[in-house]
Amino acid sequence: MICPRCLAEVTTVKKTIKSFKVIRFRKCPKCNYKWITEEKPASGRELAEYVKRFEEDGEDYGVRK
Ligand SMILES: [Zn+2]
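Residue 49 in numbering that gives the first Met the number 0 sits at position 50 of the sequence shown; the count goes up by one each step and never skips.
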């Protein structure tokens with residue numbers, strides 16, 4: 000993931016907590032900025048449209064609509 004402060008393209012994950020959502024503690028080796036990201040199941044109309052296009056290509060992502 001790109002550093003939100005200095006835009007460096009190479010950053011590191013220091014710790015990951017896996018549950019119903021995944022929390023990652025990240026750090027930029029260039030400017031030492033630390034931040035947290037969250038990964039969770041997604042839904043919503045905009046996303047459903049996006050997934051529809053993937054499904055038309057023969058993929059099934061199982062996203063709620
Ligand atoms: Zn940075």
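Here a beta-carbon is modelled for each residue, glycine too, at the ideal position from N, C-alpha and C.
Residue i, DSSP secondary structure in three states
i           : result
lysine 51   : helix
arginine 25 : strand
Bridge partners - residue i, DSSP secondary structure assignment
i            : result
glutamate 38 : Val21
valine 12    : Arg25
Distance cut-off 6 Å: residue i Cβ against heavy atoms of ligand 1
i          : result
arginine 7 : The sequence given here has alanine at residue 7, not arginine. Result yes, Cβ under 6 Å from ligand 1.
lysine 26  : no
arginine 4 : yes
lysine 86  : One cannot answer for residue 86 here, as it falls past the ends of the chain, which runs 0 to 64.
lysine 29  : yes
7 Å CB neighbourhood of residue i in its chain, flanking five on each side removed
i             : result
tryptophan 34 : Pro3 and Arg25
Sequence-distant residues of the same chain with beta carbon closer than 6 Å to residue i, five excluded per side
i         : result
valine 12 : Arg23 and Arg25
For the region 27-43 against the region 6-19, are there 3 or more C-beta pairs whose distance is under 8 Å? yes
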